Amino acid sequence: MSRSWVQISAGRGPIEVRRFVAKLAERIEALCEERGLAVVDVTVHGDEGAPASVEILVEGDARRCLEGEIGTHALVERSAERGRAARKRWFAGVAVHPAETGAGAGAGAGVDQRELEISACRASGPGGQHVNKTLTAVRVHHRPSGITVRVADERSQRANVRRGLERIAERLAERAARRLAEGEAARWGEHDRIVRGEPVRTYRIGRRSALEVTGARESHFP
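Numbering (numbering that gives the first Met the number 0), first residue to last: 0 to 221.
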């Protein structure tokens, strides 16, 4: 089952926005469970009562289940710490990113040989007469990723197959690590991309300091 990060971010907002993020994350987590997403874990970046961001790792189709929630959320509330002249609209963002967590470790632990095409080929280059006249080199193709390696380091075909599997695993781990880094960069980039236009949800603080929705765009989630 696919996994996704649901990120609730304060962007570069002040303490009022970070407090809003804490309450909004509670609402989004409850909504995930209500709509059939399995919550795997929750990561809080900063003070739990006023974090810079909260990331919820979920299993399932997060984009479909959270339709209408992705985008900017606004809280209409005056700050008691800033006086009546201060602004009273605070903005946070909700985004969904595919999760690559653990992909690199899994790829490096072993390669499913049913996904491989292994063929022998004649070695070339230095190595002497014995190497050049026998099919010691191997070509290993990993069908799902399209990665192919050619190995002729060892004098035996069996050793080259083993080395080929190791190199395929290394390439898969490198690819997963790059994707993970790109995903991390994309998630942190959301801190600078909160759009303060028309929000998808607008809230006020109700009884018991809970969020109450006062306005929302149309959502097609059943």
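C-beta atoms are modelled at their ideal positions from N, C-alpha and C, and glycine is treated no differently. Computed from a predicted model, the values in this text were never measured in an experiment.
In this structure, GLU58 sits near ALA37, with a CB-CB distance shorter than 8 Å. Beta-bridge pairing by DSSP links SER3 to VAL57, PRO97. The shortest C-alpha to C-alpha distance from GLU15 to any of ILE146, ASN159, ARG203, ARG149 is the one to ARG203.
For the 8 Å CB-CB criterion, ALA185 and HIS72 do not form a contact. The C-beta distance from VAL110 to HIS141 rounds to 7 Å, short enough to fall under 8 Å. For LEU164, the secondary structure class from DSSP, reduced to helix, strand or coil, is helix. No residue range can be given for LEU36, since it is assigned to no alpha helix (DSSP H) and is classified by DSSP as neither H nor E. Straight across, the Cα-Cα distance linking ARG207 with ARG178 is about 42 Å. Here THR42 is exposed, its C-beta having fewer than 16 other C-beta atoms within 10 Å.
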